[in-house]
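Residue numbers for the sequence shown follow my numbering, beginning at 6 and rising by one. Each residue gets a CB set at the ideal place from its N, CA and C atoms; glycine is no exception. Bear in mind that the values here come from a model prediction, so they are computed numbers and not experimental data.
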Amino acid sequence: MKTADATSLHSELWARIEADSIILRAHIRLGSIEPETQGEFFINKLGEPQINVYRDRRADTVDDYERELITLVHEYGHAISHLKGQRPREEMPEASAELTPADKQAIQDEEARAWTYGHEVLSAMGVTDFEAFEKQKAEADAIYLRRLGLVGGP
Ligand SMILES: [Zn+2]
């Protein structure tokens, strides 16, 4: 994906998510947010679907358009799963080694669904180069495996 493409796709996707009545906010990453957390999808206190993306330097400045585009489309994938009634729970449990095998599987299935929907959305927007997408997905999958206690390591 070229930088110019990532920048215009980012604004196109941002507008599309807001047009879908999903609350979308960019926040500066504070100490309470783990450095590896790029974004999140949740139902807010008003009962609205919301996506937060986290930025390192300034809330109003994108750190890396391609990376945030991929984060956004993944979180939008969770929103699509929610809108289709496929999320197993409105509030998914926090990924942890203490969860039951069924909950761990539910989290992994939901993550896979979000990546699949994200891939479909980018394809429909004309993206054909998925190298960065696959790399970011592999990183995220590895983080989940570790948090779920399904592989060794700290
Ligand atoms: Zn996810």
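Are Ala31 and Ala84 close, meaning C-beta to C-beta below 8 Å?
Your numbering for residue 31 matches position 26 in the sequence shown. Your numbering for residue 84 matches position 79 in the sequence shown. Using a Cβ distance threshold of 8 Å, Ala31 and Ala84 do not count as a contacting pair.
Quick one, which of Gly82, Asp68, Gln113 and Arg34 has its alpha-carbon nearest Phe47's?
Position 42 of the sequence shown, counted from the start, is the residue given in the question as residue 47. Of the listed residues, the one whose Cα sits closest to Phe47 is Gly82.
Can you tell me whether DSSP reads Pro54 as helix, strand or coil?
If you number the sequence shown from 1, residue 54 lands on position 49. DSSP places Pro54 in strand when its eight states are reduced to three.
Can you grab the Cα-Cα spacing for the pair Arg94 / Glu73, in whole Å?
Taking the first residue of the sequence shown as 1, we reach residue 94 at position 89. Taking the first residue of the sequence shown as 1, we reach residue 73 at position 68. Approximately 26 Å, taken between the alpha carbons.
Taking contact to mean at least 3 C-beta pairs separated by less than 8 Å, is the region 18-31 in contact with the region 47-56?
These segments touch.
Between Arg60 and Ile22, which are expected to be in contact by the criterion C-beta below 8 Å, what is the C-beta distance as a whole number of angstroms?
The residue labelled residue 60 in the question sits at position 55 within the sequence shown. The residue labelled residue 22 in the question sits at position 17 within the sequence shown. Not a contact, Cβ separation roughly 16 Å.
Note the first and the last residue of the continuous beta strand (DSSP E) segment covering Arg62.
The residue labelled residue 62 in the question sits at position 57 within the sequence shown. Per DSSP, Arg62 belongs to no beta strand (DSSP E) and is neither H nor E.
What first and last residue would you give for the beta strand (DSSP E) that runs through Arg152?
Counting from 1 along the sequence shown, the entry for residue 152 is found at position 147. DSSP places Arg152 in no beta strand (DSSP E) but in the uninterrupted alpha helix (DSSP H) bounded by Glu136 to Arg152.
Evaluate Ser86 with the Cβ neighbour count: other Cβ atoms within 10 Å of its Cβ, from every protein chain shown; 16 or more gives buried, anything less gives exposed.
Numbered from its first residue, the sequence shown carries residue 86 at position 81. Result: buried.
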